[in-house]
Amino acid sequence: MVQLRHVRRREEADADDLRRAQSPVTAVQPSDAGDEPIRCRGLDKGKGMYLLFVKSESGTPGGLLARPVLTSYYKSRHFVRRPFDPFNVYTSPNEAILCQDSYQSMYAQLLCGLVQNTEVLRVGAVFASGFIRAIRFLEKHWQSLARDIRTGTLDPEITDRSVREAVMRVLKPNARLADFIESECGRDSWQRIIPRLWPNTRYVDVIVTGAMSQYIPTLDFYSGGLPLACTMYASSECYFGLNLNPMNKPSEVSYTLIPTMAYFEFLPLYRSGTTEPDHRDLVDLVNVKLGRSTRLVVTTYAGLYRYRVGDVLRVAGFKNKAPQFTFVRRKNVALSIDSDKTDEVELHAAVRNAVNHLDPFGATLFEYTSYADTSTIPGHYVLYWELRLGGTAIPPSVFEDCCLAVEESLNSVYRQGRAADGSIGPLELKIVEEGTFDKLMDYALSQGASINQYKAPRCVKAAPVVELLNAKVRSNYFSPKCAEMDPWAQAMEHRGTSKKGSWRNWRCSFLIIIMNTFIN
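Here's what the structure looks like:
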């Protein structure tokens, strides 16, 4: 009974958050105003092909459901029974969105989007990585999709009854459209495939700020340079604000925080890159200074008090007297592919666990770094290890075990991306030649780094550095399977040994930081 009351209170709080979030939505909805961007006009005359997905749920030791906030939203009456809004008509039926089988959900949503291709005025997903994954899915399955459109029948691999019924309501035989899809997808290059298949598309609505900016070149390739719109800034804690100029370039995106969403405060980020956790340093929304980098702190209607979200923001300007912020980065995040956030402490602990597999062979880890490789779809983590080898040869299976050990040590958000929805690819381990990290230091010194202050980076991003490391690779290995450890078992396992580690794992299980860009 206590659990039921808790769930009801949580649902009521979520409903209040949704009502507050929906109230300022008209600020960014298109109108017939003369100053409205030409690409935004007439969006009520067409549809949006938004590829939305639910993720798997797990149970807490107390019996409550733990799931991403977007999954909660999609399953709520606010989404399932949403009132008709001509600006937010989706090509995807609810049944396809709510299907937990990611293959069937993706197939059905793309099929419905292709059937209605001339009605589509905008395309998108939550994160850029998810949208690119959908395009890669289309590359693999366009022949089956075209066949279904030609015959007006649905592939037998789609077994979910509700999904089949929903798709068959819009699927009719259309040989001309099937010929068109086969002609476009059969070309040598998939450059501009989005405007080729959906010719009336005006922009791509995805998150491309922060870690997602690494996907911009790939999106530009597939979209032919269509605008990339980031409309809203939100998280699982609460909604934060809006982008009042959604057609701006990604590098120019700023968000205006809405003061009725929560009580916002800001913790200054000092030159050392750290924040002193002292409430006396907190700055109110009205007192922030232009150009300052700060860490966002929120007090929410749902009960969070002075909660440090983890986002580092910079004051970019003002709309009248309301400050506007650019998203700089997640604090302490080293690696991110999708909604996963892995910091240096967590990565180091995972590597430390993995190198235990090398002990029987007399090998030790001299140095390591990492890289989030988004050139593959889905993207994946890459570790570069420089070893000091013993006298015994190390079999490939041991390095594969090391890959798996790292993945099993990472947080539940990462493991869910690997095992549940395939948004993250298998971790890759690259063994580099001896002396590689000396070369890396030489490069850093040549770029002006101080030899007295230099330390090997735990994560690399610069293309010349990645090229240097890849040129020294002797062998590489991939994780042989998905790590599927129960996140709650892991959280309980860390209890008592590391207060900070326990909190980090618990937080990752509950608070998947997302930005909701579904309101146009």
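Note that full-length UniProt numbering numbers the sequence shown so that position 385 is 385, with each residue one more than the last.
Just so it is clear, CB atoms sit at the ideal spot from N, CA and C, and this is done for glycine as well.
Going by DSSP, name the residue or residues bridged to residue i.
| i | result |
| --- | --- |
| E428 | V382 and F478 |
| Y90 | G48 |
| F205 | The displayed chain sequence assigns Asp, not Phe, to residue 205. DSSP lists G124 and A229 as partners of D205. |
| L242 | M232 and T256 |
| S370 | L383 |
| T364 | R388 |
| D311 | R330 |
| R295 | L267 and V312 |
| T342 | L335 |
| G317 | Q324 |
| G59 | L65 |
| V473 | V432 |
| D284 | E265 |
With a threshold of 7 Å on Cβ separation, who are the neighbours of residue i within its own chain once the five nearest residues in sequence on each side are excluded?
| i | result |
| --- | --- |
| D421 | F53, K55 and S102 |
| N94 | V80 |
| V315 | V288, K289, L290, G291, R292, P323 and F325 |
| C482 | R418 and A419 |
Residues in the same chain with beta-carbon distance under 6 Å from residue i, minus the five sequence neighbours each way, listed in chain order, please.
| i | result |
| --- | --- |
| K341 | R330 and V333 |
| D205 | R122, G124, A229 and T517 |
| R192 | G224 |
| E367 | E386, F437 and A456 |
| L440 | none |
| Y222 | I135, I193 and I194 |
| A146 | A178, I181 and E182 |
| S475 | I431 |
| S144 | D155 |
What residues in its chain sit with their C-beta under 8 Å from that of residue i, if we drop five residues either side in the sequence?
| i | result |
| --- | --- |
| V446 | The identity of residue 446 in the sequence shown is Ser, whereas the question assumes Val. No residues qualify anywhere along the chain. |
| I216 | A128, V208, L228 and P250 |
| residue 533 | The structure shown does not extend to residue 533, since the chain is modelled only from 1 through 520, so no value can be given for it. |
| E184 | I193, R196 and L197 |
| T294 | F266, L267, P268, L269, V283, V288, V312, L313, R314 and V315 |
| I424 | I337, D338, D340, P378, G379, H380, Y381, Y414, G417 and R418 |
| Q116 | K47, M49, T91 and V170 |
Rounded C-beta distance between residue i and residue j? I'm assuming under 8 Å.
| i | j | result |
| --- | --- | --- |
| Y384 | V432 | 5 Å |
| L427 | C403 | 5 Å |
| G241 | Y255 | 4 Å |
| Y73 | I97 | So it is not a contact: roughly 11 Å between Cβ atoms. |
| N160 | Q104 | Before going further, note that residue 160 is Asp rather than Asn in the sequence given. Right, their Cβ atoms sit about 5 Å apart. |
| F137 | L110 | 7 Å |
| G362 | G390 | 2 Å |
Distance, Cα to Cα, residue i vs residue j?
| i | j | result |
| --- | --- | --- |
| I394 | D401 | 11 Å |
| G448 | E467 | 19 Å |
| G273 | P195 | With a pLDDT of only 47 at G273, under 50, the local geometry of the prediction cannot be trusted, and the value read off the model is given with reservation. Between G273 and P195, the C-alpha separation is close to 42 Å. |
| A444 | K455 | 10 Å |
| C99 | A178 | 25 Å |
| F180 | S375 | 29 Å |
| R67 | E407 | 20 Å |
| T151 | P173 | 5 Å |
| A463 | I377 | 19 Å |
| G49 | R280 | Per the sequence shown, residue 49 should be read as Met rather than Gly. Going from the Cα of M49 to the Cα of R280 covers about 47 Å. |
| M106 | N200 | 22 Å |
| S412 | C112 | 32 Å |
| L197 | E182 | 10 Å |
| M232 | S213 | 16 Å |
| S409 | A349 | 8 Å |
| F318 | L257 | 11 Å |
| T369 | L429 | 10 Å |
| P268 | L347 | 26 Å |
| S339 | G210 | 11 Å |
| K499 | L285 | Here K499 scores only 38 on pLDDT, less than 50, and its place in the model should not be relied on; the value that follows carries that caveat. Their backbone Cα atoms lie some 31 Å apart in a straight line. |
| R388 | L469 | 17 Å |
| F327 | I132 | 22 Å |
| P396 | Y477 | 7 Å |
| G186 | D220 | 20 Å |
| Y301 | Y307 | 12 Å |
| G59 | D442 | 50 Å |
| C238 | V253 | 20 Å |
| T218 | W190 | 11 Å |
| V297 | Y305 | 9 Å |
| L365 | G63 | 42 Å |
| I259 | V120 | Per the sequence shown, residue 259 should be read as Pro rather than Ile. Their Cα atoms are separated by approximately 34 Å. |
| V148 | S162 | For the sequence presented, residue 148 should be read as Asp rather than Val. Distance between the alpha carbons of D148 and S162: 18 Å. |
| Y371 | P61 | 35 Å |
ask   = Hey, is the region 38 to 55 in contact with the region 82 to 89, meaning 3+ C-beta pairs nearer than 8 Å?
value = yes
_Below 8 Å, how does it come out for the region 402 to 418 and the region 355 to 366: are there three or more Cβ pairs, yes or no?_
yes
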